[in-house]
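First the structure, in the form of structure tokens, and then the observations on it.
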Amino acid sequence: MDWQQILTNVAGEIIAPTTAAYALAAIGLNVHFGMTGLLNFGQAGFMLLGAYGYAIASIAGWPVWAAVLVALACAVVFALILGIPTLKLRGDYLAIVTIAAAEIIRMIGRSTSMTEVTGGNAGLAGDGFKGSFQELSPLPDGNFAIGPWSYSMNLSNSWWVRIVGWALVALACFLVWRWMNSPWGRVLKGIREDEDAVRSLGKNVYAYKMQALVLGGAIGAIAGIVYALPRAVQPDSMGRPMTFYVWTILLLGGAATVFGPVLGSILLWTTLMLVKTVLRDVIPATVLRSEQIEMLGWVLVGVTLMLLVIFRPQGILGDRKELAIDVR
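Residue numbering for the sequence shown follows the working numbering, beginning at 654 and increasing consecutively.
This is how it looks when you write it as structure tokens:
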């Protein structure tokens with residue numbers, strides 16, 4: 654077993670664009686759930702809309718900044734359409750509505766009637782929308798190595814995507830930190846704990862919830878762009894499992910914390926890479942096929958997360974008193 658190569662692959666997940674994209678999505682979900690208490694199970698819908706909005710605008714020849722604005726506009730419109738009739742719902746009812754709304758977005762994206770716009774079930778190939786983003790790179794062409802990690806400077810899975818992705822994560826963390834320590838953020842925390850008490854103080858709870866839904870959804874749309882840049886926009890890749898991964902990341906790192914989503918994303922993907930790589934070396938192909946090892950890796954990670962929820966439900970960085978978690 655080549656432990657040096659295994660650890661190199663695992664460490665590579667720390668700076669991977671996918672890790673950054675999931676961290677961004679979890680930060681957006683943290684605004685919904687960690688700050689406001691909204692049980693949004695449709696974060697993948699915001700990500701898919703962001704990816705589609707950016708890709709379609711880029712394919713049409715729009716510059717990167719305009720394509721990003723289109724992605725954000727799609728997320729804002731979706732948040733308004735979703736939030737206006739549903740934000741008066743609480744708990745499980747809101748969760749059911751949001752997961753259904755995300756599935757509607759996915760089904761529309763893969764519909765054959767939308768093939769000319771969204772590419773249907775096949776999605777949109779990355780070659781059609783990556784060019785304008787790559788042209789913004791100030792980095793020279795070719796490959797560049799830092800220690801054992803060697804990536805292209807400007808192509809799909811590149812240093813340029815990593816730099817932009819993690820810069821966006823840092824910016825999102827800074828914004829959430831400022832929001833959490835602002836009067837606006839304290840109102841959101843009050844809504845999370847007891848919205849009736851906040852309403853009795855004369856605050857418009859509905860408006861605050863809508864603001865949180867829009868902001869968290871916009872961050873989710875940016876996450877969708879980062880997720881799509883190294884690959885393609887494929888609707889089935891941003892379905893229900895993606896939302897559950899984002900929730901896992903948030904709960905693993907700790908909701909209502911600034912760096913919890915980042916830590917959760919890094920831990921999830923590095924642990925999964927470590928488990929799957931070791932299992933492939935230890936278990937012969939005659940016993941388990943590659944796809945079975947993939948599923949077994951998720952099972953082992955899932956069991957670990959179950960133990961974490963049982964013994965530390967607030968997550969690694971979370972505060973049990975902050976969320977008033979009761980595990981009885």
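Here a beta-carbon is modelled for each residue, glycine too, at the ideal position from N, C-alpha and C.
Just to confirm before moving on: does the CB-CB distance between residue i and residue j stay below 8 Å?
i	j	result
residue 954	residue 928	yes
residue 876	residue 681	yes
residue 771	residue 777	yes
residue 692	residue 726	no
residue 872	residue 704	no
residue 822	residue 883	no
residue 908	residue 698	no
residue 737	residue 702	no
residue 760	residue 895	no
residue 874	residue 713	no
residue 932	residue 970	no
residue 677	residue 825	yes
residue 792	residue 812	yes
Any idea which residues DSSP pairs residue i with across the strands?
i	result
residue 796	805
residue 931	The partner list for residue 931 (beta bridge, DSSP) is empty, contrary to what the question assumes.
residue 729	DSSP output for residue 729 lists no bridge partner at all.
residue 962	Per DSSP, none; premise fails for residue 962.
DSSP state of residue i, grouped into three classes?
i	result
residue 978	Legend: pLDDT at residue 978 = 47, less than 50; position of this residue unreliable, no value from coordinates given.
residue 811	strand
residue 742	coil
residue 735	helix
residue 702	helix
residue 777	strand
residue 886	strand
residue 914	helix
residue 908	coil
residue 785	helix
residue 764	coil
residue 942	coil
residue 972	coil
residue 922	helix
residue 749	helix
residue 828	helix
residue 712	helix
residue 937	coil
residue 857	coil
residue 682	helix
residue 689	coil
residue 834	coil
residue 791	coil
residue 843	helix
Counting C-beta neighbours from all protein chains within 10 Å, is the total for residue i 16 or more, i.e. buried, or is it exposed?
i	result
residue 835	exposed
residue 672	buried
residue 657	exposed
residue 980	Any reading at residue 980 is ruled out, since the residue's pLDDT is 39, under 50, leaving its predicted position unreliable.
residue 787	buried
residue 661	exposed
residue 982	The structure shown does not extend to residue 982, since the chain is modelled only from 654 to 981, so the question has no answer here.
residue 740	buried
residue 694	buried
residue 595	Beyond the ends of the chain as shown, which are 654 and 981, falls residue 595; an answer cannot be given.
residue 887	buried
residue 945	exposed
residue 765	exposed
residue 950	buried
residue 880	buried
residue 798	exposed
residue 959	exposed
residue 631	Outside the displayed range of the chain (654 to 981) lies residue 631, so it cannot be described from this structure.
residue 734	exposed
residue 914	buried
Excluding the 5 residues flanking residue i on each side, which residues of the same chain have their C-beta closer than 6 Å to its C-beta?
i	result
residue 684	865, 868 and 869
residue 711	720, 782 and 785
residue 729	867
residue 911	826, 829 and 830
Sorted by chain position, which residues of the same chain lie with C-beta nearer than 7 Å to residue i's C-beta, five sequence neighbours on each side aside?
i	result
residue 709	770
residue 763	773, 774, 888 and 889
residue 841	688, 689, 861 and 865
residue 744	692
residue 620	The shown model of the chain, from 654 to 981, leaves out residue 620, and the question about it has no answer.
residue 755	695, 697, 698 and 896
Grab me the residues of residue i's own chain with a C-beta within less than 8 Å of its C-beta, minus the 5 sequence neighbours each way, in chain order.
i	result
residue 921	675, 898, 901, 902, 905 and 954
residue 796	803, 804, 805 and 806
residue 947	929
residue 659	927, 930, 931 and 934
residue 859	740 and 741
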